[in-house]
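What follows is a set of notes on a single structure, which appears directly below.
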Amino acid sequence: MENKNSYWKGLEELNRDPQFLQHKKNEFAEGIPLDEVFTEEDGGLNANRRDFLKYFGFGISAVALAACNKAPIKNAIPYIIKPENITPGIPNYYASTTPSGCSILVKTREGRPIKIEGNPESPIFKGAASAADQGALLGLYDNERLRGPKASGNDATWEAVDADIKKALASASNIRIVSSTVNSPSGKRAISAFAAKYPSAKHIQYESFSLGSIAEANKIAFGKSVIPGYRFDLANVIVSFGADFLGTWISPVEYTKQWSSNRNPENKKMSRHIQFESHLSVTGSNADVRYPIKPSAEGVYLISLYNKIAGLAGVPTLGSMPSVELPLNMIELTAKELWAAKGSSLVVCGTNNLDNQLLVAAINSLLGNIGTTVDLDNNSNQHYSDDAAFENLVIDLNSGSVDAVIFWNVNPVYSYYNSTKLSEGIKKAKLSISTNSSIDETSALCKFNAPAGHFLESWNDAEPKAGYFALTQPTISPVFNTRQTEDSLLRWADNNTSYYDFMRETWKGILSGNGNFEEAWVKSLHDGFFYVAKTASAVKFNADLTSTVNTAYSAYSTNKTKKELKLYSKVGVLDGSLANNPWLQELPDPISKVTWDNYANISKATADEMGVKDGDMITITGKNGKIESIPVLVQPGQPNNVIAVAVGYGRTSGGKVAVGVGKNAYAFASFSNNSLQYGNFDITIEKAVGDYELAQTQTHHTIEGRALIKEASLAEYIKDNKAGNHDHHAILKENGNLITLWDEHDSKGHKWTMAVDLGKCTGCGSCVVACNAENNVPVVGRAEVLKRREMHWIRIDRYYRFRNKENNNISKEDEYNDPKTGVDFQEVSVLHQPLMCQHCGHAPCETVCPVLATVHSSEGLNHMAYNRCVGTRYCANNCPFKVRRFNWFKYRENDQFDFNFNNDLGRMVINPDVTVRSRGVMEKCSFCVQRIQAGKLKAKLENRTIKDGDVKTACQQTCPADAIIFGDIHDPESEVAKHFKNERGFFLLDEYNVQPSVTYLTKIRNVDEALVAEEKHSAKKHDATKPHDENKKEESHS
Amino acid sequence: MSYESPIRDQLVTGGKTYRDVTRDITRPLENAPSKGWWIGFSLSTLVLALWIGATTYTVVVGLGAWGLNKTVGWAFDITNFVFWVGIGHAGTLISAVLLLFRQKWRMSINRSAEAMTIFAVICAASFILSHMGRPWVAYWPIPLPNAFGTLWVNFNSPLVWDVFAISTYFSVSLVFWYIGLIPDIATVRDRAVTKARKFWYGFFAMGWNGSAKTWHRYEVISLILAGISTPLVLSVHSIVSMDFATSLVPGWHTTIFPPYFVAGAIFSGFGMVLTLLVIAREVMNYKDYITEAHLDAMTKVVMVTGTMVGMAYITEFFVAAYSGVEYEQYAFLNRAFGPYWWAYWTMMSCNLLAPQVFWFKWARTTPWFIFIMSIIVNIGMWFERFVIIVTSLHRDFLPSAWAMYTPTITEVSILIGSFGLFFFLYFLFCKFLPTINMAEVKSIIPTHHEGDHGHDSHHNHSHETAEKGAIHGN
């Protein structure tokens, strides 16, 4: 039994030879001569042939391997002591607040902030953030920020600078702190502490694009110097006079949330939005009815409207004006609409004109809106500007009566209309300090630079709305040797408390009565805000309006036939403070789709009259200033004889991205009636030499009669919920009977789909910036955008539609360019359509890729495998939606693209979850597949199934209008599944049956046929180029 | 030598003997190159340098060096590719199809036409490589076994079909051409006086000895290769056309494309053959071999194929109108009347109208006029591909994405440079290889010229028997 094996290897085994048994233990039959090698007695190698081959082979391979390693060595250093809360690969979110007062979440990875998102907990901003709020992140990684304090242009230490400044302050007799809006309770305390130490110090708040007269008007009218809290969600009729509240006005994110909440046709009821404006704004493009007006006529419009409403209300009117050629019928209709919705209507005005703001306050008061849609108790603190105080400062500086001036986050040398006078004044001051974070036009003139850091490096608080206290917390240690201004003020006031402790002191007051301070503090810090809303009360209007009539009438009548200039700001660079931000510079303007420039918006009739066309240059001369050679953009919707130019461009200092982009239009602002004016009625225009092509991301502006967008009026929709969308339902039926070449994809598990509500999308561009940040989309610059090579994964198509003489829709280029159709280009309907990869079920791109680099996932996604792509671009050619983007160049570490991807600091913004694409490969929207994976993983870790809302795409997350809905269509309870069942839903190119995963909901406009007809009529009537007689004749009709 | 009815035009004129044929055709090989050759060769080398420079720049910098954009993903690159592939078709048609149809007039032109095919395909292949975003991984569309797991190619993609079509076409054409060259290389070998010439021509003659058995095999393999090549004449450009036809881009998505592309390819190929031969018969004094009868026959082919292509253009318009698809209708209106109208009308006038002059005998037999016409034909055919590619892409479904395309200097340089590549190779061919198939031409020398045909080179043979009874030319 001992030898179970009946086979044996040799006689030795069979015979159980002792010597064999002994060797059997060893692995090798012969011993390995290790001893011989290791015991080198005479210092020489005692190696045999085998060893030689071993060493030789190893040596050669090692050398070969070492020589193969061409890749630069990059060290990933693991944490030796892992910081608490930081797990590599897992993002942390911190609640914070932007300087504009928007509540945000900051996504950080391994200690670096990589994305700003709206804070969904916030009752005011509800998770949304504007393009500018999100873009502000890139400012943190701006390589051109000041790296430390400077004295007279030379690098210095904080100690030295502080000592010098304190010495100078002590001897200064008149000190001025000039800041942008400060609504931070602790910031105000810091200023008070400073003022306590230096009693001559005064604080002046100055905004480049001032809205100061709103508060001023409310002070006169209601005794409250505040910008009211507007409630667009409660308003059933909204009338806006040039207030771009969905784009740039006061608090656009908040207002867009409110506005869109009342734009659900499914409720059979929508707000009616009427816009009177002097350039086509984001808000105007979304209005149900829009009237182009001249800026100088705004006053008479308001007075007429007041009088009509007063007539309805049975109160005395303001006295009639001499004959005005206004479309009074249209004003009457508007007045009727407003009066019918009294208490739930809202009139706003975007002009910084005290009279007009007073009239608006009076109209709202007449309509009983004070306390409902105009809330003077839950007021806004987002903008405060004391234009008169600043005007006086410029005078005082020049007279030498101000010794010391501190500029805090303001750049008036750039944005003040009389920049030369201001610069001379600053030079006269004995002490000038700037705490701006980079060398810009103002800080370059100051003796001391005490740079503040970025808000993501700082502690702060804010009260953007009354009772809404928000906290800003640092998410990264200061990148450079900077110190936030509040800290600087405390140091200079000899207060050595850290601003953090100082702030906690403030909050002890704010949180008093809320139990344990520490608990309440931690909760507020966690939430990012502490909010106690007040109850709104009605306040009686109490002001004399009689003087407004003559002023308004003279402004109207003296300018009737003149050309006027209107300044506005764009959603990207706003007032110019964000001009050094490449994301925002490359963000296409929601209306013109122009990137990297400002331009003169001119109506078609005015352009024809002047003999200019797109790309020609004009020179505009005003009383104070002049713009040499600014390119012309013939803009539909622009009132005749009004030229609109955006501010925020033409920076001469402030970073290589900002400098040299566009022209500075601030010189046309003026100061009158105690406020800064942004409409200029006294200009001359002449054609300049040269031409200039604007970099537009869309160059064809109408839909050519194609069924790519669908719309209907609310009335039609209430009658028939398939209104405007019948062909979709017909095609759907037909497609069901079609034979397809392609196999159906396995559709078990999830199927990710998206719905886009065209009725809600305002075109604001927040999603574009969110996508850029989330997906590491490179900035390519103006020259490349001109070549139509922008890389944005999501674009917002904007289409214009006109009406001909017979009031029929015209959307074909040939037709509207034909003078016979009689299109009035002042009158335009606009539609915004966000376009991302449609993730087609039968994707045309997938079938043509030779190497299977783009394939379908089991969850309905169209994937792109970058490292398999060979770059034939066949997929892009075959994509009917043209959403694919090709890497024409290497966009990182390439001096041709000297933006944030070209320096180490700038590259810190890169999202490590998303590959940075190499040259020569195709890329496109992935439906944020990294977020889908993260959502699934999170659900898995929590041992549950994924639920609706766990996964939000970047564009959806940030959308202030809630126009984008994403989710799993196989979950019948999901929002997106419900949207797919909506009768308004349609697919792009339905008839091609590519089975997109994105459904668009028909745009429903709350138009009233009477108003629309009037809109047409008024546009014609307001055409000041026409002879008077004709106008009068028409008026007798109405 | 073959018998020929006296009423027919002679295929070789000038009373050539076997000896004359050998001497005439080997002359450029055995003598120092002429001044004309030097000028032509230097010029094409210069242009080739432009090609090398521009292509290298593109590969180094990226495809951003071209004028393409998010909407127009192909333009000069694929236009040039299709253009050069099309050029190649005449060579295959002449050597394979006409062989099968026993058109003996092909014998004096097939060698250079085949050479043209090969060089044109090389030019075309260069565009396949350079149009890629990452040309260094150009081998990925080939279904190679690999160690990357399940990576494979997409057999649904017309680009993969292209890879097969072009590589098959190139290899078959090369083999066919080379086999046809062997007897002539052997002739050169036998006449060689230097060691080097003996060695190299001997090497490439592969031990040809002129025996009846080798001639028999030569005939058989020629027929077999002709049989293989013939379907390629139709398949290659059909497959190239499917790059467009299988897509859904309006203006591309057209079932008429395969026959229309093949006709166009033959049209442009004959245009190019005419360009080359009109020069060759002047410069190399081959007027007796490439006679006016040749020109006459080829211009007839040009006229017929040009008209076919023109008919396809008109059919496309009809189908677009008849389809009722607005995108399709717009695409064709945009071609003719949109921003690229000039390209469309250049194409129309060069391809449909211009060749109609060949209804006239004078036009078909006047070399200088034919030369000009051959250039016009190729300009037209280049524009045809440009029109198809660019005007279809630049305005497709969504007006928001509509864009214009303007070529850069780099792209223009690569296009011009590709002619440098082509002519560089062609001039080398003229210098080092017999441009007319001596062996075959000898079989069609008219019998009624009783000359000194005893002095023929040593392989004058039996293969004429293979052609006995053949019905030839015209």
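Residue numbers (our numbering), protein chains in the order written: chain W, 185 to 1222; chain C, -5 to 468. Glycine included, C-beta positions come from ideal geometry on N, C-alpha and C.
Can you give me the C-alpha to C-alpha distance between Ile547 (chain C) and Val1054 (chain W), rounded to a whole angstrom? Missing from the structure shown is residue 547 (chain C); chain C here goes from -5 to 468 and no further.
Ser409 (chain W), DSSP secondary structure in three states: coil
So, does the CB of Tyr1233 (chain W) fall closer than 8 Å to a CB anywhere in chain C? The requested residue 1233 (chain W) is not part of the displayed model; chain W covers only 185 to 1222.
Local Cβ density within 10 Å of Ala967 (chain W), reported as buried at 16 or more and exposed below that: exposed
Limits of the beta strand (DSSP E) - the one that Tyr652 (chain W) falls within: 652 to 656
Please name the residue, chosen from W:Lys649, W:Ser741, W:Leu729, W:Phe664, that lies closest to Phe713 (chain W) on a Cα-to-Cα basis. W:Lys649
Could you tell me the alpha carbon to alpha carbon distance between Ser622 (chain W) and Val484 (chain W), rounded to whole angstroms? 44 Å
Could I get the ranges of all uninterrupted alpha helix (DSSP H) runs contained in the segment 551 to 588 of chain W, with 4 residues as the minimum, in chain order? 571 to 583
Mind checking whether the beta-carbon of Arg973 (chain W) lies closer than 7 Å to any heavy atom of the ligand GDP? You won't find the ligand GDP in this model; it holds no ligand whatsoever.
Could you tell me whether the Cβ atoms of Asn633 (chain W) and Pro333 (chain W) are closer together than 8 Å? yes
Looking at Phe1065 (chain W) and Leu1121 (chain W), is the spacing between their C-beta atoms short of 8 Å? no
Report the residues of the segment 1053 to 1077 of chain W with a CB closer than 8 Å to any CB of chain C, ordered along the chain. Cys1053, Val1054, Gly1055, Thr1056, Arg1057, Tyr1058, Ala1060, Asn1061, Asn1062, Pro1064, Phe1065, Lys1066, Arg1068, Arg1069, Phe1070, Asn1071, Trp1072, Phe1073, Lys1074
Quick check on Tyr862 (chain W): does DSSP put it in helix, strand or coil? coil
Quick one: does Ala315 (chain C) have its CB under 8 Å from some CB of chain W? no
8 Å Cβ cutoff, Gly332 (chain C) in contact with chain W: no
Rounded C-alpha distance that separates Met1092 (chain W) from Tyr325 (chain W): 7 Å
Could you have a look at Arg1168 (chain W) and say whether DSSP puts it in helix, strand or coil? coil
Using a Cβ-Cβ cut-off of 6 Å (strictly less than) and excluding sequence neighbours within five positions of Gln880 (chain W), which residues of its own chain qualify? Lys777, Val778
Give a yes or no on whether the C-beta atoms belonging to Asp417 (chain W) and Ser445 (chain W) are separated by under 8 Å. yes
Is the beta carbon of Phe75 (chain C) less than 8 Å from the beta carbon of Ala107 (chain C)? no
Would Glu320 (chain C) pass as an interface residue toward chain W - the criterion being a Cβ-Cβ separation below 8 Å? yes
Spell out whether any CB of chain C is found under 8 Å from the CB atom of Leu922 (chain W). no
Under 8 Å by Cβ, that's how I've got Val296 (chain C) and Gly265 (chain C) pegged, so tell me the actual separation to the nearest angstrom. 6 Å
On the DSSP bridge assignment, give the partners of Lys750 (chain W) in chain order. W:Ala828, W:Gly863
Would you mind telling me which residues of chain C sit closer than 7 Å to Arg1101 (chain W), beta carbon to beta carbon, in chain order? In chain order: nothing, as chain C lies at least about 10 Å away.
What are the boundary residues of the alpha helix (DSSP H) that Leu395 (chain W) is part of? Run containing Leu395 (chain W): none; DSSP gives neither H nor E here.
Asp1097 (chain W) versus Thr144 (chain C) - alpha carbon distance: 24 Å
Hey, Ala739 (chain W) and Ser480 (chain W) are a contact pair by Cβ (cut 8 Å); roughly how many whole angstroms apart? 5 Å
Val34 (chain C) - DSSP class collapsed to helix/strand/coil: For the sequence presented, residue 34 (chain C) should be read as Gly rather than Val. Here Gly34 (chain C) sits in helix by DSSP.
Determine which residues share a DSSP beta bridge with Trp936 (chain W) and list them. W:Asp1152
Assign Tyr652 (chain W) to one of two classes, buried (16 or more other C-beta atoms within 10 Å of its C-beta) or exposed (fewer than that). buried
Measure the alpha-carbon distance for Glu444 (chain C) versus Leu37 (chain C) and round it to whole angstroms. In this prediction, Glu444 (chain C) has a pLDDT of 46, which is less than 50 and means its spatial position is unreliable; nothing more can be read from the coordinates.
Check the Cβ-Cβ distances between His457 (chain W) and every residue of chain C, and say whether any is below 8 Å. no
Find the nearest neighbour of Met236 (chain C) within the set W:Asp1079, W:Thr1031, W:Trp1072, W:Glu1175, judged by alpha-carbon distance. W:Thr1031
Near-chain C residues of the segment 858 to 889 of chain W (beta-carbon distance less than 9 Å), N- to C-terminal order: Thr881, Gln882, Thr883, His884, His885, Thr886, Ile887, Glu888, Gly889
Return helix, strand or coil for Phe272 (chain W), following the three-state DSSP convention. Note that residue 272 (chain W) corresponds to Pro in the displayed sequence, not to Phe. It is coil, neither helix nor strand.
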